[in-house]
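Written out below as structure tokens is the structure these notes cover.
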Amino acid sequence: MKEGKSAAESDDSNYEVGDSELENNNEENNNEDGEKKKKLDGGKRRKREKMHHTDCKARMAVKLIGDRWHVIFFALDHNHELVVKPSLKKFMRSHNSIPRQEKDFIALLHGCNLSTERIMQLMNEFYGSAQLVPYEATDVGNFRSNIRRTEKYKDMQETLDYFRELEHEDAEFFHKIKLDAEHRVESLFWFDGAARHAYIESYHDCVSFDATYMTNMYDMPFTPFIGINKHGQSFMLGCAFLRDEKTPSYTWLFETFLEAMKGKVPVSIITDQDAAMRCAIAHLFPNTNHRNCRWHIMDKFSGTIEPLLEGGEELEEDFKECMNHTVTPQEFEENWVAMKNKYGLHDNFHFQRLSDGFNAVLKKYVNPNMSVLHFVKQYQKIQDKCLVAQDGQDFRTDDRDGRRWSKYPIEKHASIVYTKNLFYRFSKEFGKTAEYDVKPEGEFQYWLVPNNKFVYGYGKWTYLVTAIEDEGSYYCECSKFDRDGVICCHIMKIMTRLGVKTIPNRYILKRWTQESVPEKENSNANTHVQADFIARGMLLNNRMTLWFTNLSTSFAGLAAEGCVSRETYDLMDSHIKMMCSGLNEIKKRKKPSRQRVRANAQPPRGDSGGGGPTNNPGAGALSDPVGQPPEVKSERP
6 MKEGKSAAES
16 DDSNYEVGDS
26 ELENNNEENN
36 NEDGEKKKKL
46 DGGKRRKREK
56 MHHTDCKARM
66 AVKLIGDRWH
76 VIFFALDHNH
86 ELVVKPSLKK
96 FMRSHNSIPR
106 QEKDFIALLH
116 GCNLSTERIM
126 QLMNEFYGSA
136 QLVPYEATDV
146 GNFRSNIRRT
156 EKYKDMQETL
166 DYFRELEHED
176 AEFFHKIKLD
186 AEHRVESLFW
196 FDGAARHAYI
206 ESYHDCVSFD
216 ATYMTNMYDM
226 PFTPFIGINK
236 HGQSFMLGCA
246 FLRDEKTPSY
256 TWLFETFLEA
266 MKGKVPVSII
276 TDQDAAMRCA
286 IAHLFPNTNH
296 RNCRWHIMDK
306 FSGTIEPLLE
316 GGEELEEDFK
326 ECMNHTVTPQ
336 EFEENWVAMK
346 NKYGLHDNFH
356 FQRLSDGFNA
366 VLKKYVNPNM
376 SVLHFVKQYQ
386 KIQDKCLVAQ
396 DGQDFRTDDR
406 DGRRWSKYPI
416 EKHASIVYTK
426 NLFYRFSKEF
436 GKTAEYDVKP
446 EGEFQYWLVP
456 NNKFVYGYGK
466 WTYLVTAIED
476 EGSYYCECSK
486 FDRDGVICCH
496 IMKIMTRLGV
506 KTIPNRYILK
516 RWTQESVPEK
526 ENSNANTHVQ
536 ADFIARGMLL
546 NNRMTLWFTN
556 LSTSFAGLAA
566 EGCVSRETYD
576 LMDSHIKMMC
586 SGLNEIKKRK
596 KPSRQRVRAN
606 AQPPRGDSGG
616 GGPTNNPGAG
626 ALSDPVGQPP
636 EVKSERP
């Protein structure tokens with residue numbers, strides 16, 4: 006029989022699934038013309054090629070006799086053309102399976118959110134050529150789809166089990182689940198202990214909350230809480246999945262947030278533009294400074310800005326000057342109207358995307374096809390990445406002297422009180438003091454006039470500083486301290502003019518110091534990393550996968566070299582036989598110990614998670630965790 010193979014798409018979003026396995030948003034609907042639409046998750050129906058049955062009688066039968074295989078029947082006659090090129094055998098269904106060790110490696114790459122295309126590029130490098138890889142991108146895509154389906158069927162129960170593991174490792178880990186009337190999960194919230202402690206101690210002054218990142222495979226919005234640590238680095242405080250983006254869902258979320266944070270309300274919160282979210286924040290955080298994220302404001306109008314900015318460099322310069330360097334709302338409105346009148350833009354002005362921000366970080370780790378469990382585990386990886394970055398800055402902060410732009414005492418004081426990263430920012434800001442001249446205005450006020458046409462970060466504007474030295478009080482209309490928590494170059498200029506040698510305590514925020522988050526009593530410095538993991542290093546299974554990959558790559562190159570001549574072939578063949586003999590000796594030595602282990606082993610336990618598909622969770626809901634009450638929360642005392 007001559008076998009063919011289906012021509013399914015190899016792209017990640019087009020992985021193959023059977024019709025009986027489609028649930029929720031993966032179902033296909035018929036349109037008015039009776040034609041089937043694409044699946045809502047972006048997939049396509051699999052195209053099947055016809056298989057040609059030729060009733061070929063060629064076959065070979067073998068039998069194990071003693072320790073050798075014997076051919077007991079062989080029929081050579083084929084009634085069809087044979088595949089003669091070895092590189093074509095991977096297109097036959099009987100020859101295109103992925104080796105087990107490579108499946109383990111591909112599963113690791115899948116867990117790192119690599120695309121199928123990228124995985125195939127890596128395998129091509131390992132094999133030395135795309136033609137030598139014994140399977141196609143379609144096979145990798147189908148293998149990954151099997152992983153997703155397995156995760157989906159046991160998703161919620163395994164997520165809860167994983168949360169229990171985290172509770173065992175982290176006594177301060179917090180999670181809460183909201184169920185609907187049919188006991189299906191409609192909202193999920195979790196925070197790790199380190200993030201809770203950091204928020205409560207110092208980082209509650211500013212929180213970013215965004216529900217626009219993406220949804221998961223259940224079409225539930227993913228909503229991370231993001232903070233800024235003492236080094237000025239972004240980190241994830243915690244995350245949630247919501248059933249929808251309506252006021253009741255946000256109200257439940259923010260109430261749960263306050264419960265997790267022991268009632269500590271954020272001083273300022275930055276969000277996207279959402280009316281339902283605004284209502285919930287106004288109700289639960291009435292005294293919090295609520296601001297819309299500038300990135301979202303600009304992104305909202307990204308469609309038509311670029312053609313308008315092509316009107317000339319002067320237009321772009323005026324626009325950025327208006328957006329970045331106006332001080333008061335009244336000043337902004339006046340300059341905005343003046344700019345529109347000058348260029349005839351009026352009410353149709355928009356702006357381009359400035360930055361992908363934390364969204365870009367998330368997209369490297371998660372995608373909409375992921376299950377909740379996969380999202381949660383990827384969240385842990387992002388947290389690990391943030392902790393490594395913070396540890397690096399903590400280590401570098403020990404060298405506090407660093408390089409100073411000048412020898413002024415106030416800058417030396419900054420190098421002592423701030424973390425190293427913040428000191429570098431302070432030092433960079435201090436360097437701008439040379440770009441201003443001072444003009445006194447009365448007894449306590451000074452005009453800071455730029456001696457150049459443009460000062461980076463401040464434009465061409467003149468700023469007024471009020472300084473009452475006896476009280477240690479300084480204020481600049483640029484409001485940098487109110488915005489960033491670090492004094493501006495204008496105040497620094499006046500301080501050095503007045504001979505101030507240290508930064509007043511009121512202008513040193515605890516959150517920017519190395520002592521911003523004090524260690525808890527009886528805490529381990531590596532509470533976020535398991536001690537046994539530090540001791541053993543890489544997991545054995547992962548190490549074996551890495552060994553297999555390295556050996557496969559090396560032997561692929563040796564095989565190519567060994568085929569050059571008879572001499573090289575004989576050399577390779579002799580060494581392979583010696584290695585096989587050595588491996589057999591090792592196996593014989595280890596075999597008795599394995600038998601002793603089996604003799605003492607306990608019977609295997611059943612799978613507590615359950616392997617079958619869950620009940621249909623319905624639109625925007627997850628499976629029902631058996632035995633859970635309508636609302637479940639968990640926190641270790």
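Heads up: take any position in the sequence shown, counting from 1, add 5, and you land on the working numbering.
Just so you know, even glycine gets a beta-carbon here, dropped at the ideal spot from N, CA and C.
### Task
Classify N589 as helix, strand or coil using the three-state DSSP reduction.
helix
### Task
Spatial neighbours of T331 within its chain, please: CB distance less than 6 Å, with the 5 preceding and 5 following residues excluded, ordered by chain position.
F337, N340
### Query
Rounded C-beta distance between E434 and V470? I'm assuming under 8 Å.
Their Cβ separation, rounded to whole angstroms, is 14 Å, which puts E434 and V470 out of contact at 8 Å.
### Query
What number of angstroms, rounded off, separates the C-alpha of I124 from the C-alpha of M577?
30 Å
### Message
So, with DSSP's three-state summary, where would you put T438?
### Response
helix
### Message
Quick check: what's the CA-CA separation for D72 versus T554?
### Response
30 Å
### Query
F431 and A419 look like a contact to me (Cβ under 8 Å); what is the Cβ gap, rounded to whole Å?
5 Å
### Bounding residues of the beta strand (DSSP E) (the contiguous stretch that carries T471)
468-473
### Query
Measuring CA to CA, which of L119, S99, G504 is closest to Y413?
G504
#### Entry: When S559, K62, L119, W257 are compared against I286, the one with the closest alpha-carbon
W257
### Query
In chain order, what residues of the same chain have a beta carbon less than 7 Å from the beta carbon of G562, not counting five sequence neighbours either side?
G133
### Message
Check whether the stretch 268-285 and the stretch 241-248 touch, using three or more Cβ-Cβ pairs below 8 Å as the test.
### Response
no
### Query
With contact counted as at least three CB pairs below 8 Å, one residue from each stretch, are the stretch 126-143 and the stretch 163-177 in contact?
no
### Query
Which partner residues of Q450 appear in the DSSP bridge assignment?
E446, T471
### Task
Helix, strand or coil for L551, going by three-state DSSP, please let me know.
helix
### Query
Taking buried to mean at least 16 other C-beta atoms within 10 Å of its own C-beta, is C493 buried or exposed?
buried
### Query
If you drop the 5 nearest sequence neighbours on each side, which residues of the same chain put their C-beta closer than 8 Å to that of D537?
At D537 the pLDDT is 42, less than 50, meaning the model places this residue with poor confidence; the figure from the coordinates comes in the next sentence. Correct list: empty, nothing qualifies.
### Span of the beta strand (DSSP E), counted from its first residue to its last, around S239
239-246
### Query
Where are the alpha helix (DSSP H) runs, 4 residues long or more, that stay fully inside the stretch 238-297, in chain order?
252-265, 280-289
### Query
Is the CB of T507 under 8 Å away from at least one CB in chain B?
Within the model displayed, chain B is absent; a lone protein chain is all it includes.
### Query
Would you call the CB atoms of F214 and T261 closer than 8 Å?
no
### Message
In this structure, how does DSSP classify K183 when only helix, strand and coil are distinguished?
### Response
strand
### Task
Check each candidate in Q335, D224, Q136 and name the one with the smallest Cα separation from L93.
Q136
### Query
Going by the CB atoms, is the gap between G477 and P509 shorter than 8 Å?
yes
### Task
Could you tell me if S254 is buried or exposed, where buried requires 16 or more neighbouring beta carbons within 10 angstroms of its beta carbon?
buried
### Task
Less than 8 Å between the CB atoms is what I'm expecting for G232 and L427, so what's the real figure, rounded?
Not a contact, Cβ separation roughly 15 Å.
### Query
Between L453 and H173, what straight-line distance do the alpha-carbon atoms span, to the nearest angstrom?
57 Å
### Query
If you check the beta carbons only, do K235 and T507 fall under 8 Å apart?
no
### Query
Is P104 helix, strand or coil by DSSP?
coil
### Message
For R516 and Y208, which I take to be in contact (beta-carbon distance under 8 Å), what is that distance rounded to the nearest angstrom?
### Response
6 Å
### Query
Cβ-heavy atom distance between F131 and the ligand COA below 7 Å?
Questions concerning the ligand COA fall outside what the structure shown contains, since it holds no ligand whatsoever.
### Anticipated Cβ contact below 8 Å, D82 with A63, distance rounded
6 Å
### Nearest-angstrom Cα separation, counted from K485 out to F459
18 Å
### Query
Where K347 and L114 are concerned, what is the direct C-alpha to C-alpha distance, given to the nearest angstrom?
55 Å
### Message
With distance defined between alpha-carbon atoms, name the residue in S239, L263, F227 nearest to R248.
### Response
F227
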